[in-house]
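Reading through the structure tokens given below for one structure.
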Amino acid sequence: MNARVTIDAQFQTEAAQLRPTAPIVPNGTAASRALMGVIAVMTFVAALAIGAVHLVQGAAAQWRTDVGREITLEVRPTDGRNIEADVAKAMQIAGQSRGVASAQVYGKDEMAKLISPWLGTGVDPSNLPLPRLIVVRLDGSEANLAALRTALAKDVPTASLDEGSHWSAELSTAADTVLMAGTALLVLVLLATILSVTVATRGAVAANRPVVELLHAVGARDQFVAGEFQRHFLTLGAHGGLIGGGAAALLFAAAGLAAALLSGPAGGVLAGSIILDSRGYAGIFGVALTVIAVTALASRLTVRHTLKSIH
Amino acid sequence: MVRLEKVDLHYRGAAVLKDVSFSVAPGSFQFLTGPSGAGKTSLLRLLSLSLRPSRGLLALFGRDVSRLGSEEIAVLRRRIGMVFQDFRLLDHLTTYENVALPLRVMGREEPSYRAVVIELLRWVGLGDRMHVLPPELSDGEKQRAAIARAIMVRPELLLADGPTRNVDPSLAQRMLRLFVELHRSGTAVIIATNDIALMDQYDARRLVLSEGQLYLDE
Numbered sequence: 004m005n006a007r008v009t010i011d012a013q014f015q016t017e018a019a020q021l022r023p024t025a026p027i028v029p030n031g032t033a034a035s036r037a038l039m040g041v042i043a044v045m046t047f048v049a050a051l052a053i054g055a056v057h058l059v060q061g062a063a064a065q066w067r068t069d070v071g072r073e074i075t076l077e078v079r080p081t082d083g084r085n086i087e088a089d090v091a092k093a094m095q096i097a098g099q100s101r102g103v104a105s106a107q108v109y110g111k112d113e114m115a116k117l118i119s120p121w122l123g124t125g126v127d128p129s130n131l132p133l134p135r136l137i138v139v140r141l142d143g144s145e146a147n148l149a150a151l152r153t154a155l156a157k158d159v160p161t162a163s164l165d166e167g168s169h170w171s172a173e174l175s176t177a178a179d180t181v182l183m184a185g186t187a188l189l190v191l192v193l194l195a196t197i198l199s200v201t202v203a204t205r206g207a208v209a210a211n212r213p214v215v216e217l218l219h220a221v222g223a224r225d226q227f228v229a230g231e232f233q234r235h236f237l238t239l240g241a242h243g244g245l246i247g248g249g250a251a252a253l254l255f256a257a258a259g260l261a262a263a264l265l266s267g268p269a270g271g272v273l274a275g276s277i278i279l280d281s282r283g284y285a286g287i288f289g290v291a292l293t294v295i296a297v298t299a300l301a302s303r304l305t306v307r308h309t310l311k312s313i314h
Numbered sequence: 066m067v068r069l070e071k072v073d074l075h076y077r078g079a080a081v082l083k084d085v086s087f088s089v090a091p092g093s094f095q096f097l098t099g100p101s102g103a104g105k106t107s108l109l110r111l112l113s114l115s116l117r118p119s120r121g122l123l124a125l126f127g128r129d130v131s132r133l134g135s136e137e138i139a140v141l142r143r144r145i146g147m148v149f150q151d152f153r154l155l156d157h158l159t160t161y162e163n164v165a166l167p168l169r170v171m172g173r174e175e176p177s178y179r180a181v182v183i184e185l186l187r188w189v190g191l192g193d194r195m196h197v198l199p200p201e202l203s204d205g206e207k208q209r210a211a212i213a214r215a216i217m218v219r220p221e222l223l224l225a226d227g228p229t230r231n232v233d234p235s236l237a238q239r240m241l242r243l244f245v246e247l248h249r250s251g252t253a254v255i256i257a258t259n260d261i262a263l264m265d266q267y268d269a270r271r272l273v274l275s276e277g278q279l280y281l282d283e
């Protein structure tokens, strides 16, 4: 009886000393670490690309909005007409037009600043036959620019309206080009990620071929072997993807914070251009998930191929 | 249980086994012997379903293995225990985890087999080495762990490739007793060995391989 009690106690002690069962496919091997490194780096690069594309997209939309919210009236000096009266009339017409928030005429100092690159400083613009400029800001509601143009043609024939459509079109083209280039870069980075993760996964599976053979020898079904490897590579992919994606997200957060803190009075403009919004971070998360899914898929296909070659 | 008829095995273009025919009865005991390079390991790999015959019939447990798919092969392998010459223990798993591997691949949960694995480890003299990783084990201990893994699921056929190659004579004798005990409990045993002293200790049929051909010494 006492002997039985002793044996049971010994068994309890030995059983309690057992560690949690280790995974069949070894973690922490050189091939595993290399694969995780590749996944982390490629996720980081892909996340940077998607973050940059998102920032450019946001900036382009902002440019378009800014350009579309401002138009310029130009009143030309003409013999026989009082330009000051024409400017006042144009201001009045603009101020009464639908969708206009404000109209402001460029003063003497502002005109002097505008012509200084060509004529130098200290020139009095009132002595020159320069057109007068009126900046009209729209309030964002639907402005009737055709009616404004008609009214100006009737009452102030020396005035012309510049909607900035030329600049807007050029900016749109430039923004679209940058976006296309960014998207192409993102696609290339994702393709490179898929290829490198596939190659690295194949290498890691090949390095574990003795494990596959042993599992077969002790009666493991293909499904079991594939499941063990998929779990292993999914864990590696998740770690690598989260490390790479997390590093990119931290980098964007730190860059936005640094720009806001360090760039002085213009900080708002600079910071605004590199601060990623929640959709940008969601994009980075999406890239990390894509890379994890690619790793899982690549490992599944590779393990199946390896199992076929063993049979 | 095992039946080979006119089996040839070609490996990387070379004829490893030629026209081999023999059968193994359930619960029987035999030594497979012959000089190095005679084809002993290849014949055991055939019997453990790691290789397929290039020609001839190999039937295991009444099934022609050439007609079996991978799932059926996996099921048959569970009825066979294999002790490899190079042990094939996984270095990142403890002795306990290595020995329990056949149960784990069958989908058994760890608590359900804990007691039986610990009992088997004690039986082969590794009760105090169950937490140790294989690189810390001596060759003799590795050999015993490999044997324990092979007999974990109480196989109907046990194949052992040079099981006493790396151990001293007294341990070799102890291992032979272990195989005999297993044989007496109903398992058919085939031990591949060059150790004449070991074979002389137990009266059993000898399958002699020479240059890929088999001779029976009943």
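Chains A and B supply the protein sequences, listed in that same order.
Each residue of the first sequence is one higher than the one before, starting from 4 at the first, in this note's numbering.
Each residue of the second sequence is one higher than the one before, starting from 66 at the first, in this note's numbering.
Where is the CB? At the ideal position from N, CA and C, for every residue including glycine.
This one's a predicted model, so the numbers in the text were calculated from it and none came from an experiment.
Beta carbon of residue i, beta carbon of residue j: below 7 Å?
i, j, result
"Pro-128 of chain A", "Ala-115 of chain A", "yes"
"Leu-69 of chain B", "Ser-86 of chain B", "yes"
"Tyr-161 of chain B", "Met-195 of chain B", "yes"
"Ala-207 of chain A", "Leu-38 of chain A", "yes"
"Ile-42 of chain A", "Gly-243 of chain A", "yes"
"Thr-229 of chain B", "Leu-186 of chain B", "no"
"Asp-225 of chain A", "Ser-119 of chain B", "no"
"Val-190 of chain A", "Val-59 of chain A", "no"
"Phe-96 of chain B", "Arg-271 of chain B", "yes"
"Gly-99 of chain B", "Leu-222 of chain B", "no"
"Val-159 of chain A", "Asp-112 of chain A", "no"
Just confirm the distance between the C-beta atoms of residue i and residue j, as a whole number of angstroms; I'd bet it's less than 8 Å.
i, j, result
"Asp-156 of chain B", "Leu-198 of chain B", "6 Å"
"Val-103 of chain A", "Asp-142 of chain A", "7 Å"
"Val-81 of chain B", "Gly-277 of chain B", "6 Å"
"Val-78 of chain A", "Thr-161 of chain A", "6 Å"
"Gly-71 of chain A", "Ser-171 of chain A", "6 Å"
"Met-171 of chain B", "Phe-126 of chain B", "Actually they do not touch by this definition, with Cβ atoms about 17 Å apart."
In the DSSP assignment, find the alpha helix (DSSP H) that holds residue i and state where it starts and stops.
i, result
"Gln-278 of chain B", "Note, Gln-278 of chain B: premise wrong, no alpha helix (DSSP H); beta strand (DSSP E) at 278-282."
"Val-245 of chain B", "234-249"
"Ile-96 of chain A", "86-99"
"Gly-146 of chain B", "Premise fails: Gly-146 of chain B lies in the beta strand (DSSP E), 145-148, not in any alpha helix (DSSP H)."
"Ala-149 of chain A", "148-158"
"Gln-208 of chain B", "204-216"
"Arg-212 of chain A", "212-220"
"Glu-113 of chain A", "111-122"
Between the alpha carbons of residue i and residue j, how many angstroms are there, rounded?
i, j, result
"Gly-259 of chain A", "Leu-279 of chain A", "8 Å"
"Asn-130 of chain A", "Lys-157 of chain A", "28 Å"
"Tyr-267 of chain B", "Leu-198 of chain A", "59 Å"
"Gly-248 of chain A", "Leu-237 of chain A", "16 Å"
"Val-126 of chain A", "Val-48 of chain A", "53 Å"
"Val-192 of chain A", "Leu-51 of chain A", "10 Å"
"Leu-188 of chain A", "Pro-26 of chain A", "38 Å"
"Ser-35 of chain A", "Arg-22 of chain A", "22 Å"
"Phe-244 of chain B", "Ile-255 of chain B", "9 Å"
"Val-140 of chain B", "Arg-239 of chain B", "31 Å"
"Ser-235 of chain B", "Leu-241 of chain B", "10 Å"
"Leu-202 of chain B", "Val-215 of chain A", "23 Å"
"Asn-147 of chain A", "Thr-68 of chain A", "17 Å"
"Gln-208 of chain B", "Glu-17 of chain A", "22 Å"
"Leu-273 of chain A", "Ala-63 of chain A", "Caution applies to Leu-273 of chain A, whose pLDDT of 49 falls short of 50 and renders its modelled position unreliable; the model cannot decide the point."
"Asp-82 of chain A", "Ala-91 of chain A", "17 Å"
"Ala-35 of chain B", "Val-148 of chain B", "Outside the shown range of chain B, which is 66 to 283, sits residue 35 of chain B, and nothing can be said about it."
"Ala-269 of chain A", "Ile-277 of chain A", "With a pLDDT of only 49 at Ala-269 of chain A, under the threshold of 50, the placement of this residue in the model should not be trusted; the figure read from the coordinates follows. About 13 Å."
Looking at the strands, I want to know which residues DSSP matches up with residue i.
i, result
"Val-85 of chain B", "B:Val-72"
"Glu-73 of chain A", "A:Arg-140"
"Ala-162 of chain A", "A:Val-78"
"Ser-275 of chain B", "B:Gln-278"
"Asp-97 of chain B", "Here residue 97 of chain B turns out to be Leu, not Asp, going by the sequence shown. Answer is B:Ala-257 and B:Leu-272, bridged to Leu-97 of chain B."
"Asp-226 of chain B", "B:Ala-257"
"Ala-203 of chain A", "Paired residues: none, contrary to the question."
"Ala-79 of chain B", "B:Tyr-76"
Can you tell me where the beta strand (DSSP E) with residue i in it begins and where it stops?
i, result
"Gly-121 of chain B", "120-125"
"Phe-227 of chain A", "Segment 225-265 is the alpha helix (DSSP H) holding Phe-227 of chain A; no beta strand (DSSP E) there."
"Ser-113 of chain B", "Unbroken run through Ser-113 of chain B: none, as it is neither H nor E."
"Phe-108 of chain A", "For the sequence presented, residue 108 of chain A should be read as Val rather than Phe. Its beta strand (DSSP E) spans residues 103-108."
Less than 7 Å between CB atoms is the rule here; does residue i satisfy it with respect to chain D?
i, result
"His-75 of chain B", "In the displayed structure, chain D is absent; the protein chains listed are A and B."
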